[in-house]
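Presented below is the structure to which this report refers.
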Ligand code: SAM
Ligand code: SF4
């Protein structure tokens, strides 16, 4: 059997290949980047297609049923591939692995099941599966206790995070693991374990290394990032302290953080840090979930819509040009037309830059699933989803239009999807982009500090760099312009 190490000893041998597919949130993208970096280090090569791979890794999400169903359907397809290639190794990692454990072996394609706290074991589990052809499961047995693998995970994270980034110039940095909030609809506390904050020194060290590798923007991740709290001796570090410490690191130029939970604790300090530290982006993602106090109570969110709106007022008083984004769940059990109208009202008052809107999906094991009937019909969930999106779209349209004529600083992500499909006028400007006439070249996308997407023409070499774009036209979600 070939191993990745055989590559190191014998350059002519074929390197084993891995196809890694990631579902779900930024936390999963970060886990995937860490796993990918560790496996590249072990000698594996990554490919874009399961058909060309010796190993298929699926990093899964359990937040909504739909995400799980997609994975199940992929596992069904992999079963067919495995019929003709029995040596193929299939690993399910992430939240579904933790939630379902060895139940996943009912899907005959699956060889490895590995939870989010065990990702440090993946290189070993893959080697063993390739060599010994036996099925293995590594998950946390008592998920609400700090995982016995926590220290190993921390070392793994420090060693491998930041080497593989999806978007040039940007990286995620985990500030917190898990969640203690137990919103009644949410599976996260049951699959990601208790809330813990990582030591500030580890985070700072990581950001320094990222800056040395050319990273310009870091996004701190936590399910309730504003609850970051780390005690060392008689000092307690909060997110505001962390932002200030990272700001002193010269290489990193933009710092973002997600997701904020609506609560008073440390809120003013964090907003003041945003106002006073130029590197901290003026962007706040703070999900409300509903505008109805009855539904918020049933969701166990711990605030009223008035308290939520007060927080937004505080944020705007301290940081007047802050861009705010929200999340909502429509069709939560018991959501009447009237309760939904209160959500519409809150969206209008909040004037979000954008909102992520989800249809309620009952999750096994959660309090809402155990105690409340999923009694809002699918078509009503869909109608409310559509209606809320339309309300949000009008607000986004108006906020976006304010950028017309302004010049914004963006961090360039790379060619837009359209540019990847169609080369723009290389015939007219054989050298690509014509800077004098600002035409030709590729259509690029970038993001502002407030997380607005900007689209403009330029050269691919700008990916991962800051540039200025003059906005000429806008749509609800996009600012169009030209390089200045
Ligand atoms: N920790 C973050 C917070 O508290 O806002 C977000 C975590 S969750 C992974 C991301 C979003 O998924 C939530 O804000 C919520 O809107 C949505 N979500 C979570 N559970 C859901 C469910 N059972 N059905 C529909 N949407 C859900
Ligand atoms: Fe889920 Fe609530 Fe925790 Fe967010 S704060 S991860 S919604 S339990």
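Numbering (this note's numbering), first residue to last: -12 to 471.
Using N, Cα and C, we set each Cβ at its ideal position, and we do this for glycine too.
Rounded to whole angstroms, residue 252 and residue 97 show a C-alpha spacing of 44 Å.
For residue 316, the distance from the CB to the nearest heavy atom of ligand 1 is below 6 Å.
Taking 6 Å as the cut-off, one finds no heavy atom of ligand 1 near enough to the beta carbon of residue 57.
Along the length of the segment 348 to 420, whole beta strand (DSSP E) runs at least 3 residues long occupy 394 to 402, reported in chain order. Proximity of the segment 272 to 279 to the segment 317 to 334 meets the contact definition, three or more beta-carbon pairs being nearer than 8 Å.
Scanning 48, 68 and 149 for the CA closest to the CA of residue 40 turns up 68.
Placement of the Cβ of residue 82 at a distance of 6 Å or more from every heavy atom of ligand 1 is found. Sequence-distant Cβ neighbours of residue 65 in its own chain, meaning closer than 7 Å and more than five residues away, are 37, 43, 77 and 96. If you ignore the 5 residues before and after residue 244, its C-beta comes within less than 7 Å of the C-beta of 206, 207, 212 and 226, all in its own chain and listed in chain order. The alpha-carbon separation between residue 442 and residue 457 amounts to approximately 10 Å. Taking the Cβ atoms as the reference, residue 249 lies roughly 5 Å from residue 290, within the contact range of under 8 Å. Within the DSSP bridge table, the entry for residue 314 names 343 as partners.
Taking a contact to require three or more Cβ pairs closer than 8 Å, the segment 9 to 28 and the segment 100 to 112 qualify as touching. Check the Cα spacing between residue 158 and each of 137, 204, 362 and 119: the tightest is with 204. Residue 14 counts as buried, since at least 16 other C-beta atoms from the protein chains shown sit within 10 angstroms of its C-beta.
The closest CA to that of residue 293, considering only 330, 319 and 307, is found on 330. For residue 163, the secondary structure class from DSSP, reduced to helix, strand or coil, is strand. With contacts defined as CB atoms closer than 7 Å, residue 4 and residue 46 fail to qualify as a contacting pair.
Residue 443 is bridged by DSSP to 431. Proximity to ligand 2 was defined by a C-beta distance below 5 Å to any of its heavy atoms, and the residues meeting it, in sequence along the chain, are 166, 168, 170, 173, 175 and 210. The beta carbon of residue 4 sits no closer than 6 Å to any heavy atom of ligand 1. Its Cα nearest to that of residue 26, the residue 2 stands out among 12, 49, 48 and 2.
The bridge partners DSSP lists for residue 465 are 440. Runs of the beta strand (DSSP E) lying entirely within the segment 254 to 315, each at least 3 residues long, are 270 to 272 in chain order. Apart from sequence neighbours up to five positions away, the residues of its chain that approach residue 384 with a beta-carbon distance below 6 Å are 463, ordered along the chain. In this structure, the alpha-carbon of residue 171 lies about 43 Å from that of residue 393. Using a 10 angstroms sphere on the CB of residue 228, the tally of other CB atoms reaches 16 or more, which defines it as buried. Taking 7 Å as the cut-off, the beta carbon of residue 311 is found closer than this to the beta carbon of residue 339.
Residue 224 sits in a strand when the DSSP states are folded into three classes.
Sequence-distant Cβ neighbours of residue 318 in its own chain, meaning closer than 7 Å and more than five residues away, are 346, 347, 363, 367, 368 and 371. Under the three-state reduction of DSSP, residue 169 is assigned to coil, being neither helix nor strand. If you ignore the 5 residues before and after residue 286, its C-beta comes within less than 7 Å of the C-beta of 170, 171, 172, 276, 277 and 319, all in its own chain and listed in chain order. Distance from residue 234 to residue 264 at the Cβ level is roughly 5 Å; contact confirmed, criterion being Cβ atoms closer than 8 Å. Between the alpha carbons of residue 300 and residue 343 lies a gap of roughly 21 Å.
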